[in-house]
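In what follows, a structure is listed as structure tokens, so that the remarks can point back to it.
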Amino acid sequence: MSDAAELSSKYVLQTVGFDARFPNTNQTRNCWQNYCDYFKCVAAKGEDYAPCKQFKKAYNSLCPNEWISKWDEQRESGTFPASLEP
2 MSDAAELSSK YVLQTVGFDA RFPNTNQTRN CWQNYCDYFK CVAAKGEDYA PCKQFKKAYN
62 SLCPNEWISK WDEQRESGTF PASLEP
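Numbering (this note's numbering), first residue to last: 2 to 87.
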């Protein structure tokens, strides 16, 4: 088996499906909403709750890594600009 075939059988590349709440090409709001929804879900149900993981997959796919790092730092320092309470 070639390296490429071995990798393709090992990993499945997917992107976020269509979300009718965000019909436009610009997905900034979709990125932000999935990030917030993930942490609200975790606060309500815990990290092991499977539906929460869908939000994480979505924001990791949609958001630039720099934004995620910045928001993670803001959450840790208590300066995140949104409520993440469930």
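In this text, a Cβ means the ideal position worked out from N, Cα and C, and glycines have one as well.
Pairwise C-alpha distance: residue j and residue i
| i | j | result |
| --- | --- | --- |
| proline 87 | tyrosine 50 | 14 Å |
| serine 84 | tyrosine 12 | 35 Å |
| tyrosine 36 | proline 24 | 18 Å |
| aspartate 38 | arginine 22 | 14 Å |
| phenylalanine 19 | serine 70 | 25 Å |
Outcome for residue i when other beta-carbon atoms lying within 10 angstroms are tallied against a minimum of 16
| i | result |
| --- | --- |
| phenylalanine 40 | buried |
| alanine 59 | buried |
| phenylalanine 56 | buried |
| glutamine 34 | buried |
Contact check, residue i vs residue j, beta carbons under 8 Å
| i | j | result |
| --- | --- | --- |
| serine 62 | threonine 16 | yes |
| cysteine 32 | cysteine 64 | yes |
| phenylalanine 81 | tryptophan 72 | yes |
Proximal residues to residue i (C-beta, below 7 Å), its chain only, five neighbours per side dropped
| i | result |
| --- | --- |
| lysine 54 | none |
Residue i: CB within 7 Å of a non-hydrogen atom of the ligand GDP
| i | result |
| --- | --- |
| cysteine 64 | Questions concerning the ligand GDP fall outside what the structure shown contains, since it holds no ligand whatsoever. |
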